[in-house]
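K.L.:
What follows is a structure written as structure tokens; I'll ask about it next.
Number of protein chains: 6
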Amino acid sequence: MENQRLCVKDFISGQTVDQVFVVRQKELRTTKTGDLYISATLGDRSGSIPGRMWQASEAIFDSIPPDGFLHVKGRVEDYRGTLQIVIDACRPFPTDKVNLSDFLPVTENDVEEMWSELLEILRGVKNKHLRLLVKKFIEDQQIVSAFKRAPAAMQLHNPFVGGLLEHTLSVARNAKALLGMYPHLNADLVLTGVFLHDIGKSAELSGGLNIRYTDRGQLVGHITIAAIWVQEKAALLAEELGEPFPKRIVNLLQHIILSHHGEYEFGSPKLPAIPEAFFIHYLDNLDAKMYMTINRIEKDPDHDSSFTGWVKELRTRLYKHSGDLSDGEDDGSQTGSLFE
Amino acid sequence: MENQRLCVKDFISGQTVDQVFVVRQKELRTTKTGDLYISATLGDRSGSIPGRMWQASEAIFDSIPPDGFLHVKGRVEDYRGTLQIVIDACRPFPTDKVNLSDFLPVTENDVEEMWSELLEILRGVKNKHLRLLVKKFIEDQQIVSAFKRAPAAMQLHNPFVGGLLEHTLSVARNAKALLGMYPHLNADLVLTGVFLHDIGKSAELSGGLNIRYTDRGQLVGHITIAAIWVQEKAALLAEELGEPFPKRIVNLLQHIILSHHGEYEFGSPKLPAIPEAFFIHYLDNLDAKMYMTINRIEKDPDHDSSFTGWVKELRTRLYKHSGDLSDGEDDGSQTGSLFE
Amino acid sequence: MENQRLCVKDFISGQTVDQVFVVRQKELRTTKTGDLYISATLGDRSGSIPGRMWQASEAIFDSIPPDGFLHVKGRVEDYRGTLQIVIDACRPFPTDKVNLSDFLPVTENDVEEMWSELLEILRGVKNKHLRLLVKKFIEDQQIVSAFKRAPAAMQLHNPFVGGLLEHTLSVARNAKALLGMYPHLNADLVLTGVFLHDIGKSAELSGGLNIRYTDRGQLVGHITIAAIWVQEKAALLAEELGEPFPKRIVNLLQHIILSHHGEYEFGSPKLPAIPEAFFIHYLDNLDAKMYMTINRIEKDPDHDSSFTGWVKELRTRLYKHSGDLSDGEDDGSQTGSLFE
Amino acid sequence: MENQRLCVKDFISGQTVDQVFVVRQKELRTTKTGDLYISATLGDRSGSIPGRMWQASEAIFDSIPPDGFLHVKGRVEDYRGTLQIVIDACRPFPTDKVNLSDFLPVTENDVEEMWSELLEILRGVKNKHLRLLVKKFIEDQQIVSAFKRAPAAMQLHNPFVGGLLEHTLSVARNAKALLGMYPHLNADLVLTGVFLHDIGKSAELSGGLNIRYTDRGQLVGHITIAAIWVQEKAALLAEELGEPFPKRIVNLLQHIILSHHGEYEFGSPKLPAIPEAFFIHYLDNLDAKMYMTINRIEKDPDHDSSFTGWVKELRTRLYKHSGDLSDGEDDGSQTGSLFE
Amino acid sequence: MENQRLCVKDFISGQTVDQVFVVRQKELRTTKTGDLYISATLGDRSGSIPGRMWQASEAIFDSIPPDGFLHVKGRVEDYRGTLQIVIDACRPFPTDKVNLSDFLPVTENDVEEMWSELLEILRGVKNKHLRLLVKKFIEDQQIVSAFKRAPAAMQLHNPFVGGLLEHTLSVARNAKALLGMYPHLNADLVLTGVFLHDIGKSAELSGGLNIRYTDRGQLVGHITIAAIWVQEKAALLAEELGEPFPKRIVNLLQHIILSHHGEYEFGSPKLPAIPEAFFIHYLDNLDAKMYMTINRIEKDPDHDSSFTGWVKELRTRLYKHSGDLSDGEDDGSQTGSLFE
Amino acid sequence: MENQRLCVKDFISGQTVDQVFVVRQKELRTTKTGDLYISATLGDRSGSIPGRMWQASEAIFDSIPPDGFLHVKGRVEDYRGTLQIVIDACRPFPTDKVNLSDFLPVTENDVEEMWSELLEILRGVKNKHLRLLVKKFIEDQQIVSAFKRAPAAMQLHNPFVGGLLEHTLSVARNAKALLGMYPHLNADLVLTGVFLHDIGKSAELSGGLNIRYTDRGQLVGHITIAAIWVQEKAALLAEELGEPFPKRIVNLLQHIILSHHGEYEFGSPKLPAIPEAFFIHYLDNLDAKMYMTINRIEKDPDHDSSFTGWVKELRTRLYKHSGDLSDGEDDGSQTGSLFE
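Structure follows, in structure tokens:
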């Protein structure tokens with residue numbers, strides 16, 4: 003049935019609705035005449051829409067799962083210029099029967115394929131202790147499971163399920179491609195650092211249907227979380243090995259993680275102080291900016307302008323036609339220029 | 003014998019030398035005529051002086067302990083405007099026989115008394131889990147021993163053995179004094195946060211005779227080190243208690259530590275986001291600035307000027323006579339002003 | 003009668019209104035059919051609401067006192083989603099009969115008690131000239147009267163009648179509590195400086211029912227105003243004493259006032275250059291931030307989120323549960339985390 | 003006799019000295035053999051030179067006037083690469099017999115002529131109250147005398163006796179020349195503002211032979227000093243006139259003074275908020291930069307380079323040949339370029 | 003007919019419309035019942051208004067010229083609080099019959115008179131090569147034509163047809179007036195630099211009815227465009243003269259253009275490094291700020307406040323009564339102040 | 003003979019000198035006894051040393067070629083702690099007989115091989131107009147010759163002959179390696195942009211034996227120079243092709259050049275606004291930082307410290323042992339830590 007579901011962003015007034023939504027918010031209210039009604043926010047991966055159920059009861063209200071799924075029957079109405087769903091009937095819908103990707107933005111790539119490719123690259127790590135450390139992370143089911151699901155960022159780049167893995171793999175590929183150019187770099191340190199640089203984001207974001215920062219994400223942040231994990235894994239290894247885990251490796255990996263934002267202003271408590279940290283900082287930044295610029299240009303809603311709207315993070319508008327080198331209508335060569 | 007030792011800063015040309023120094027640096031060199039000689043830097047808590055031993059041998063050179071103590075006989079000479087010691091004879095001196103405070107700048111307060119007072123204040127922590135956590139730190143002999151010895155900073159404030167304890171105690175006293183003014187604050191969280199805010203400095207600085215940053219101090223930094231220790235102690239407690247240690251406590255304490263510098267630019271990866279973090283940030287800053295300003299004014303070498311030289315960290319010169327409210331000679335009221 | 007008045011923020015559609023409001027704005031307009039009607043903004047300490055009086059006359063319009071009080075009869079209506087009062091009748095209400103605190107946000111503390119406590123603290127000033135100077139300010143009825151009424155700031159902290167006194171007293175208490183910790187500080191200078199640091203705000207804000215900046219407040223500012231007052235009071239004292247008032251005292255007090263914002267960017271033309279100026283700067287900042295954070299958390303309208311909305315001045319969101327150290331639902335320990 | 007005096011900067015080793023110097027510093031010291039000798043710093047407008055008098059007595063030392071003049075007989079010697087004067091005999095020299103301009107850098111223009119021209123421009127002020135206020139300043143002998151002597155700045159621009167007047171006159175001329183272009187400007191306010199914008203510098207710098215900041219200059223600063231003077235003069239006028247002096251005039255003039263540095267970072271507690279304040283800010287800046295650039299280029303010691311050394315305040319080096327538009331040897335057109 | 007046209011900003015509900023508009027945007031849409039209607043934005047120099055034509059056809063839609071003129075018959079209606087025009091009939095209107103100044107904001111000065119005055123000033127350039135270069139620009143019909151039409155900026159200052167010429171002339175006048183004050187300046191270089199400093203704006207903005215940045219304007223910018231033009235004109239002259247054009251002149255003029263914004267942050271790739279560049283930078287800034295402040299004050303919509311709203315570019319609000327030195331009602335002297 | 007020449011940095015006192023130097027500076031002076039002597043600065047690629055020739059004549063002085071080569075016979079002496087050469091005899095040495103790499107720091111790679119590889123990469127450009135444009139640059143003998151010789155920067159990275167080519171090739175290789183990862187990028191635009199991004203440096207630095215900025219380099223800068231060259235080459239091509247060269251290509255290439263520093267503060271008048279500009283900005287920065295960090299670590303003179311000295315441009319010290327992952331002596335694990 004879910005195959006035929008309509009995206010929220012495509013609704014028009016007058017449509018009949020008979021499908022599943024994720025519940026983003028719900029509230030029981032009283033009308034001026036004293037009747038109960040339910041006000042809710044329903045959504046899917048394409049957006050959100052208000053829902054109203056008149057003549058509701060507390061029982062119905064209680065049956066609606068917050069942050070869960072709801073099968074809704076009703077119709078779309080235009081109320082003062084905004085669409086809403088008038089709900090005739092609803093019942094909770096089991097989470098394991100939904101196609102999660104209908105409700106959450108998800109990477110277009112295959113998560114397991116990406117994970118395999120990343121593991122393949124990490125197999126290139128030769129230093130014994132780094133190999134063991136990488137292994138400890140890979141065997142941590144909780145971390146790996148969250149790592150595969152996490153977005154790379156809330157909004158800025160790869161903001162969808164699998165985005166963190168997608169971004170990490172992309173940086174890893176690029177690092178592998180360029181390591182040969184700089185033989186002075188410690189390749190093992192680079193590859194491990196790339197794997198771990200953003201891994202703390204797995205715990206920075208809560209993994210419900212509605213992605214948001216966890217308290218720990220906001221109060222402590224992914225940079226410190228990842229540094230702590232390195233400490234913990236190294237301690238576990240020392241115990242298993244029966245000998246100290248090299249302190250220098252812990253220092254260097256934590257340094258790479260702490261410094262990878264490159265500037266204090268962006269939340270790095272340390273600036274890069276080894277070539278490998280600079281290398282990762284620039285490749286991380288490069289991949290994020292490639293996503294941001296290409297995605298922002300593709301999604302730009304104004305088809306008439308040759309520039310996107312203002313992009314605050316980049317302090318500029320983006321030009322949309324660098325891919326096409328022939329002169330277009332909008333490059334000042336057309337009539338209408340001050341030069342006429 | 004060490005009672006009569008002369009401070010390096012008081013040496014004058016022509017003096018005979020027969021006392022112990024700390025060896026800050028040593029080098030074996032060859033004269034133009036091919037003879038070996040030793041070039042060394044000798045010091046005590048008041049400063050450093052070059053030493054030269056002519057007609058030296060490799061055996062003598064090897065007997066000089068780097069970062070250790072040396073009994074030197076010789077005399078002070080003026081060489082091109084700079085004093086140096088011409089060494090006639092020298093022998094290593096056992097570390098356990100020196101009065102360490104002759105060689106390292108040390109707090110003027112009694113370390114154990116300060117430690118007791120701090121413990122007394124910490125006894126005020128009522129929350130069970132915070133009490134246990136504080137206890138875990140206090141029972142960690144390695145951390146406590148280093149905490150008592152560490153300076154509060156390399157140069158900026160309380161830069162001497164015991165300085166970290168002195169500063170921490172001072173902030174704790176002030177916090178205790180002001181907590182009553184702000185009943186909304188969580189007093190237990192504040193007191194524990196004050197105790198731990200700079201504790202990572204115990205591992206940021208190496209504890210030889212010549213204080214300097216450790217590799218870990220430079221690459222990772224005391225802020226992240228302390229956050230990691232909180233994680234480790236909480237994990238130990240969870241194991242001992244057989245139940246999870248409250249995550250919120252870990253988050254809040256780490257947040258206080260991470261944010262206590264108050265600005266990204268000063269190495270805080272998170273800005274204060276709870277009242278307790280602001281409270282600690284300002285009291286920490288206040289105490290550090292009190293030391294910096296009062297100490298800088300007291301030590302100012304120029305007795306004629308009513309202002310110190312430029313203080314880079316404060317972006318100003320300091321006025322030295324705010325303690326005396328009567329008009330002095332230098333306040334523009336004397337003859338010689340443009341108003342004459 | 004005013005006991006029963008309803009707060010504007012508690013109005014609901016359909017209520018009958020028969021009480022006094024402060025008039026924030028009034029306008030006489032013409033309907034499309036040529037009739038006159040009155041559009042006004044009515045308010046009290048809890049907020050504002052539009053009022054409409056149909057079939058109005060110029061006489062009625064003229065009888066409404068701008069920035070004064072109006073007794074209104076009518077009813078509350080919902081007009082396109084916004085509440086408004088449809089006015090049936092209205093008449094001006096004498097200012098001396100209203101309870102001013104119904105219309106202006108006012109400190110919850112007793113103004114005269116606070117003033118007494120502040121005077122008590124100032125009695126601790128021992129230096130003769132500073133005592134005389136403090137006395138001159140205390141005897142200036144115009145300044146004292148305005149000082150007791152002024153808010154500490156337009157919006158940032160203690161933004162209500164009596165807020166300036168409340169904040170000044172709080173800083174004075176804290177200063178007194180900590181002065182013993184720093185015996186090098188000139189306590190007389192500190193206490194006088196605390197009293198005067200923000201006193202210029204008494205002339206920076208106009209004292210009508212609707213607090214706003216005076217022209218002098220915007221063009222010259224409270225920092226320079228206070229520095230000028232110190233100069234004037236010192237000149238008066240010199241005249242009365244028949245001898246010069248110590249220039250150094252004037253310099254130091256003006257310096258403390260000028261530098262107490264701590265940064266050029268925040269409007270201080272001089273950076274702190276004496277320990278006492280740093281001391282006051284940090285205690286001033288501490289008290290302001292305590293108000294801002296605690297108040298912002300208490301007033302946060304969203305009860306579901308564990309964080310407030312973005313607080314621009316603090317460059318962060320605030321965490322609302324630092325007062326409760328047990329694990330809550332929102333700290334990432336609940337099901338639904340990426341770690342599941 | 004003083005006609006023949008040699009400038010300190012022109013001394014060469016071996017010369018006989020028999021002329022007057024200003025005493026910048028003096029000290030009585032003991033040689034290693036226990037004899038007394040005098041170490042002094044002697045100077046004139048061109049620079050400073052150390053002086054040494056061997057076999058000195060306390061009586062001679064006491065006869066040397068600090069910050070006064072000394073007639074010295076002796077000779078110039080090269081001591082370890084630095085010139086010094088070996089003093090054979092010396093005696094104090096009466097201040098009223100020296101040509102002050104030999105010892106202090108002085109404007110090349112005639113001070114009284116400049117003052118007259120400035121008065122002439124100020125006569126253009128038509129508003130009654132501004133005229134009276136200007137008059138009050140002009141009649142203040144203490145201020146005017148200091149105003150005529152003060153430099154415009156310690157180092158940055160017009161750093162010599164009369165420099166403040168020279169700069170103020172220059173800005174006044176320019177203001178007068180451009181006022182016609184902007185008829186919306188209040189010309190009276192502009193001219194008065196130009197006159198007063200830097201007048202506080204008269205009290206910011208001490209007027210001895212060795213110009214330096216007064217305590218008041220450093221603690222309070224010329225901007226606040228001038229704002230206070232406006233307040234005081236207006237109060238005097240109100241008393242004399244028997245009616246209030248217009249508050250708006252005081253506000254506007256103080257605003258112009260407070261805001262004329264144009265940026266918080268440069269010590270302005272208020273940013274320009276009236277057209278007249280912007281006008282004065284730019285003309286002030288323009289004249290200062292004209293002096294700085296032209297003077298820096300003229301004084302550049304390196305005749306081979308077409309650029310001066312780095313000018314920190316301007317964050318650039320200055321090109322020295324903008325006055326000559328023909329191609330020179332150094333513009334990259336000569337042989338030796340990478341293009342050869 | 004156009005004489006009687008009503009300005010868009012003066013429309014009221016119910017009016018009949020029968021006049022020409024510029025078409026700012028047009029769109030063909032479908033109602034819920036499947037009928038076509040046209041949504042357009044119509045405008046003139048005073049503002050914009052939505053237009054709706056019901057029961058439209060594709061033929062009518064196609065006849066509407068984008069960025070062209072449209073004669074509209076219909077009436078003004080209030081739709082949910084916003085005015086719109088319901089179009090009964092419309093037909094395209096020939097561009098050459100409109101009074102362009104009805105649709106574009108235009109300088110109030112005579113363009114040709116301004117141009118003549120600028121040429122007269124430029125005739126003062128004596129250096130042969132600079133004269134030739136100025137002549138080359140003046141003879142470039144394309145540049146001159148665009149230069150006369152361009153605004154000085156999109157929004158900040160002189161944002162109307164002829165604004166660039168108006169601003170350039172104003173700076174040239176001021177430069178001429180002040181050149182006599184600074185005889186060290188190269189007057190020829192200054193005058194030519196003033197003429198060319200913003201000339202690149204002629205190509206930065208497209209010259210249709212709706213002024214906006216060209217692609218080249220956004221991607222390359224007027225500063226680089228002008229530097230390139232100098233290079234091209236110099237190359238043409240070298241060819242014509244049969245000898246190299248002096249490289250130093252090209253360097254200096256390009257330097258003046260590149261550095262005239264005065265700060266890297268404002269898009270200058272070089273900071274001023276010759277006195278002439280500083281001179282032009284300050285006069286350029288002065289004239290722009292005079293326009294911005296005076297215009298902002300004049301246009302301020304709120305007649306009750308003595309301050310304008312916040313002006314983001316100036317980081318302040320502007321005081322509106324600096325032209326009137328008598329005390330007004332709003333300067334804090336009136337009743338209602340905290341001082342009562 | 004030059005094979006045996008000693009590097010200046012290896013000189014020791016007492017050595018006999020009989021070899022060629024480059025003349026960095028020369029001056030004819032008079033001793034106190036009136037004799038002439040020559041003061042010169044002699045150098046090679048390793049450093050500089052003062053030279054003195056006593057009893058010199060004007061004829062000898064005139065024979066010394068400034069910025070040329072000089073064969074010197076004499077000996078090395080220690081004069082007050084600094085080595086100098088006392089010249090017994092000297093004669094000019096023909097430039098074409100020296101091994102230039104003895105006197106100028108030169109890339110260790112083969113210039114022609116690097117050039118061939120760069121050309122090979124550029125052959126991958128498929129767009130007709132970009133190919134033609136690249137060809138125009140490659141055929142410009144003056145530019146290519148200078149491009150091959152130029153350093154990449156004065157000091158920061160690759161500061162030696164051939165450094166610009168080395169850096170450009172490195173960025174081109176990396177771009178080629180990563181282009182496959184981002185199929186949305188316009189590969190032709192990227193490769194051409196990489197080739198041209200720094201090409202203006204060929205004209206920014208003078209090509210004598212002593213590399214320094216040209217006047218044009220300092221006044222105009224390599225960024226604007228390169229943008230101008232693109233304009234000129236495009237104009238030539240348009241002429242040759244008999245049709246306009248696409249404006250969009252010119253805009254985009256100039257945009258890439260103008261924006262490649264990535265920040266206004268680093269001299270870019272435009273911020274990156276197309277994905278290709280971001281791509282080049284990061285790869286440029288990455289390669290420069292790789293050189294800076296690896297080179298700085300290798301050259302660090304202090305072998306005892308695990309960190310280099312402060313690196314101003316990177317705002318940190320660099321850790322020297324990231325290449326070796328075993329625990330070293332300096333990582334805080336050794337005895338002597340505060341943890342003992």
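As they're listed, the protein sequences go chains A, B, C, D, E and F. Our numbering applies: residue 3 is where the first sequence begins, and numbers increase by one. Our numbering applies: residue 3 is where the second sequence begins, and numbers increase by one. Our numbering applies: residue 3 is where the third sequence begins, and numbers increase by one. Our numbering applies: residue 3 is where the fourth sequence begins, and numbers increase by one. Our numbering applies: residue 3 is where the fifth sequence begins, and numbers increase by one. Our numbering applies: residue 3 is where the sixth sequence begins, and numbers increase by one. We put the CB at the ideal spot given by N, CA and C, even for glycine. As the structure is a prediction and not an experimental result, all values here were calculated from the model.
(1) Against chain F, with Cβ distances strictly below 8 Å, would Y266(E) count as a contact?
(2) Pull up the distance between the alpha-carbon of A279(C) and that of H257(C), whole angstroms please.
(3) Using 8 Å as the threshold, is the C-beta distance between M183(B) and S50(C) below it?
(4) Going by the beta-carbon positions, is the gap between R259(D) and A228(D) smaller than 8 Å?
(5) Does K102(A) have its Cβ less than 8 Å from a Cβ in chain C?
(6) State the Cα-Cα distance for the pair S204(F) and A290(C), rounded to the nearest angstrom.
(7) Spell out whether any CB of chain D is found under 8 Å from the CB atom of K249(E).
(8) For D326(D), which option in N129(E), S15(E), P246(E) has the closest C-alpha, if you only look at C-alpha atoms?
(9) Here's the rule: buried if 16 or more other CB atoms are within 10 angstroms of the residue's CB, otherwise exposed. What is S352(D)?
(10) Looking at the unbroken alpha helix (DSSP H) that takes in I62(E), where does it start and where does it end?
(11) Check this for me: beta carbons of L124(B) and F149(B), under 8 Å apart or not?
(12) Mind the definition here: the region 110-120 of chain F touches the region 211-227 of chain F only if three or more C-beta pairs lie below 8 Å; say whether that holds.
P.N.:
According to the data block:
(1) Residue 266(E) sits at position 264 when you count from the first residue of the fifth sequence. A Cβ of chain F is located within less than 8 Å of the beta carbon of Y266(E).
(2) Numbered from 1 along the third sequence, position 277 holds the residue referred to as residue 279(C). Numbered from 1 along the third sequence, position 255 holds the residue referred to as residue 257(C). Rounded to the nearest angstrom, the gap between the Cα atoms of A279(C) and H257(C) is 8 Å.
(3) Locating residue 183(B) in the second sequence gives position 181, counting from the first residue. Locating residue 50(C) in the third sequence gives position 48, counting from the first residue. No; because the gap between Cβ atoms is not below 8 Å, this pair is not in contact.
(4) As a first step, residue 259(D) is located in the fourth sequence; it is residue number 257 there, counting from the start. As a first step, residue 228(D) is located in the fourth sequence; it is residue number 226 there, counting from the start. Reading off the sequence, residue 259(D) comes out as Ile, not Arg. Yes.
(5) Translated into positions along the first sequence, residue 102(A) becomes position 100. It should be noted that the sequence gives Leu, not Lys, for residue 102(A). No Cβ of chain C is located within less than 8 Å of the beta carbon of L102(A).
(6) Along the sixth sequence, one-based indexing puts residue 204(F) at 202. Along the third sequence, one-based indexing puts residue 290(C) at 288. C-alpha separation (whole angstroms): 57 Å.
(7) Here residue 249(E) refers to the residue found at position 247 when the fifth sequence is read from its first residue. At a cut-off of 8 Å between beta-carbon atoms, K249(E) makes contact with chain D.
(8) Counting from one through the fourth sequence, the residue named residue 326(D) turns up at place 324. Checked all of N129(E), S15(E), P246(E); the closest Cα to D326(D) is N129(E).
(9) Limits of chain D in this structure are 3 at one end and 342 at the other, which puts residue 352(D) out of reach.
(10) Position 60 of the fifth sequence, counted from the first residue, corresponds to residue 62(E). For I62(E), the enclosing alpha helix (DSSP H) stretches over residues 60-65.
(11) Numbered from 1 along the second sequence, position 122 holds the residue referred to as residue 124(B). Numbered from 1 along the second sequence, position 147 holds the residue referred to as residue 149(B). In this structure, F149(B) does not lie closer than 8 Å to L124(B) by Cβ.
(12) They do not touch, by the three-pair rule.
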